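If you read the protein sequences in the order shown, they are chains R and W. Going left to right, the first sequence walks through residues 1 to 127 as our numbering numbers them. Going left to right, the second sequence walks through residues 128 to 254 as our numbering numbers them. Note sheet for the following structure.
There are 2 protein chains.
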Amino acid sequence: MEYSIGDFSKLTGLGIHTLRYYEHEDLITPERNSSNRRCYSDKDLTWIEFIKRLKDTGMSIKEIKHYAELRAAGDPTLFERMEMLVQHRQALNEQIAMLQEHKIKLDEKIEFYRNEIGRVNNGIIEN
Amino acid sequence: MEYSIGDFSKLTGLGIHTLRYYEHEDLITPERNSSNRRCYSDKDLTWIEFIKRLKDTGMSIKEIKHYAELRAAGDPTLFERMEMLVQHRQALNEQIAMLQEHKIKLDEKIEFYRNEIGRVNNGIIEN
DNA sequence: TCTTGACATAGAGTTTACTCTACATTGTAT
DNA sequence: ATACAATGTAGAGTAAACTCTATGTCAAGA
C-alpha cells in the first residue's frame, strides 16, 4: 500500500507538518510520484512507528537522526545500531526504575494528604 | 539551617540561574536577609525536592506553579492539591506502563539485531 | 473551464525550560 | 583599604521540537 502525506498523517497520528519536518531532518525519506507528491509505504509505516517508540522513550531527534543514518547505510552498521539500542535500553531501564521510586513517594504524599484532610475536617466538625 | 543561593544550588543540583528562574515563576519564595540576599531554609529544601520529583515525572512548570499557588493558600486547598496529585499519579502509572511496553518491544528489536548480525557474520565466514 | 482542496517549498513563529549577559552591589580575605 | 568573589536585577539568548504562514502547483469534480 502507498499513502499520501494526508493519509499517512492520519495513520500515524503525526501532523503533516511534523512529517515534513521529520523528512527535513532525514528521519524518513518517502518515495515521490510523478508530480513530486510524497508516497509513504508500509515500510515507512513500520519505520515511523519505531521512531515514535524511540521518541516516547526519550531519545532525541538528533539521536534518532543518527540511528536513521546508520540504518540507511545498511548491513555494515548493524552492530553499531544494536549497540545504540542496547545503550538506549539501559537508559530506559533506569528511567523506569526512577519513575517507580517517584511513584512510591507520590503514593506516600497522597496518603499524607488524606490524613491531613481528615485532621482538618475533624477540626471543623469539633468546632 | 539557612543557605545562600550558591549553597542551595550545590545542595539541590539546580543551577543558580534555575533557582532564580523558579523564584521568578513563583515556585519558591525564599526569605531575604538584611542585604536582600536569598536565605533558603530546610523547608525550602524539602519543597524543592518535591518540585524536582514532580518535574522528573513529567509535570510542567506551569502545573507545578499552580500547585505552588494552592500550597501558598494553605489548608483550604488541601483537597484540591490532593486531587492534583491523584491525577498526576494516574498519569505516572500510565507513563510507566507505556515505557514497560516499549521496553518489551525494544528487547525484541535487540534480539532481532543479534540474529541479523549472526546471519551476516555467517555469510562472511562462508564466503 | 473554473474552482476547490490537497500537496509542494522556504522560512518564520511558538512554546518550554532554562541559561547567559551586563551591570550594580555587597561580604570577605589580605 | 582594596581587590575579588558571590549575589542582586532585568532582560536577552538558546535549544529542542514542533507548528504555522505565504506562496505556488496540480489533479479532479461541478
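We put the CB at the ideal spot given by N, CA and C, even for glycine. Here the structure is a predicted model, which is why all the values come from computation and not from measurement.
The C-alpha of S161/W lies about 54 Å from the C-alpha of M84/R.
Taking a C-beta distance under 8 Å as the contact criterion, K105/R and R159/W do not qualify as a contact pair. Apart from sequence neighbours up to five positions away, the residues of its chain that approach G58/R with a beta-carbon distance below 8 Å are A91, L92, Q95, ordered along the chain. Chain W has a Cβ within less than 8 Å of the Cβ of Y113/R. Counting along the chain, S9/R sits inside the alpha helix (DSSP H) bounded by residues 5 to 12.
For R53/R, no beta strand (DSSP E) segment is defined; the enclosing uninterrupted segment is the alpha helix (DSSP H) at 42 to 56.
Assigned with DSSP and collapsed to three states, R159/W falls in strand.
Look at the beta carbons and you see the region 109 to 116 of chain R touching the region 199 to 213 of chain W: at least three pairs across the two are nearer than 8 Å.
Counting along the chain, the unbroken alpha helix (DSSP H) around L146/W starts and ends at 143 to 151.
The C-beta of L212/W comes closer than 8 Å to at least one C-beta of chain R. Residues of chain W whose Cβ lies closer than 9 Å to the Cβ of K103/R are, in chain order, T184, R216, L219, N220, I223. Going by DSSP, L197/W is part of the alpha helix (DSSP H) stretching over 188 to 199. In this structure, the alpha-carbon of I48/R lies about 13 Å from that of I16/R. Between I61/R and E25/R, the C-beta gap is smaller than 8 Å, which places the two residues in contact. Residue pairing by DSSP places R165/W opposite R159/W in a beta bridge.
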